[in-house]
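Read through the structure below, which is laid out as structure tokens, and then see the notes.
In my numbering, the protein residues as written are -8 to 176.
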């Protein structure tokens, strides 16, 4: 359209200065009045050509608008699909997070139970160690008592042996006394 306006301005300038102007080979411009119908005819042809170009531009703009609308619809559909997929993914992740949270809670409860059992086992172990210490002390006492018993038994045996010797001595003395008494009387 700018070319047409530039062309019209050049024609107007040339016609007012009465100088011949020929921008195209098929258009001859002369300053006399006889060429006015020819110019009008060429102007009408150019205006028709311009209208054809304008129609083509309108069609291209319309096609472009339709293409833009189609692309917009496609993009909106794609956005809708992507949004749906994102929402589904978010929902799945939320469900998975909930499941993981529940699993984590169960595991934490198991860990707490195990920790309690460890504490109880540690207490039991301490009790067992205390009992082992007590058992060691008792074993030492038993050993000491066994040694004491052994010593007492040895003393007892010695006393029994001495008693036996004393009995034998007593019997021997008695028999001597009886023998002496019988000899005297």
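By construction, the Cβ of each residue, glycine as well, lies at the ideal position given by its N, Cα and C atoms.
Please read all numbers here as calculations on a predicted model, not as lab measurements.
- Query: How many angstroms separate the CA atom of residue 123 from the CA atom of residue 101?
  - Reply: 32 Å
- Message: Using C-beta distances below 6 Å, list every residue in its chain close to residue 77, excluding the 5 sequence neighbours before and after it, in chain order.
- Response: none
- Message: Just to confirm the assignment, what range does the alpha helix (DSSP H) spanning residue 26 have?
- Response: Unbroken run through residue 26: none, as it is neither H nor E.
- From residue 162 to residue 153, what does the alpha carbon distance come to, in whole angstroms? 14 Å
- Task: Taking only the alpha-carbon atoms, compute the straight-line gap between residue 148 and residue 157 and give it to the nearest angstrom.
- Result: 14 Å
- Near residue 6, what residues of its chain come up, given a Cβ to Cβ distance below 6 Å and the 5 sequence neighbours on each side ignored? Residue placement at residue 6 is poorly supported in this model, since its pLDDT is 46, which falls under 50; the coordinates still yield a value, given next. Excluding sequence neighbours, residue 6 sits near nothing in its chain.
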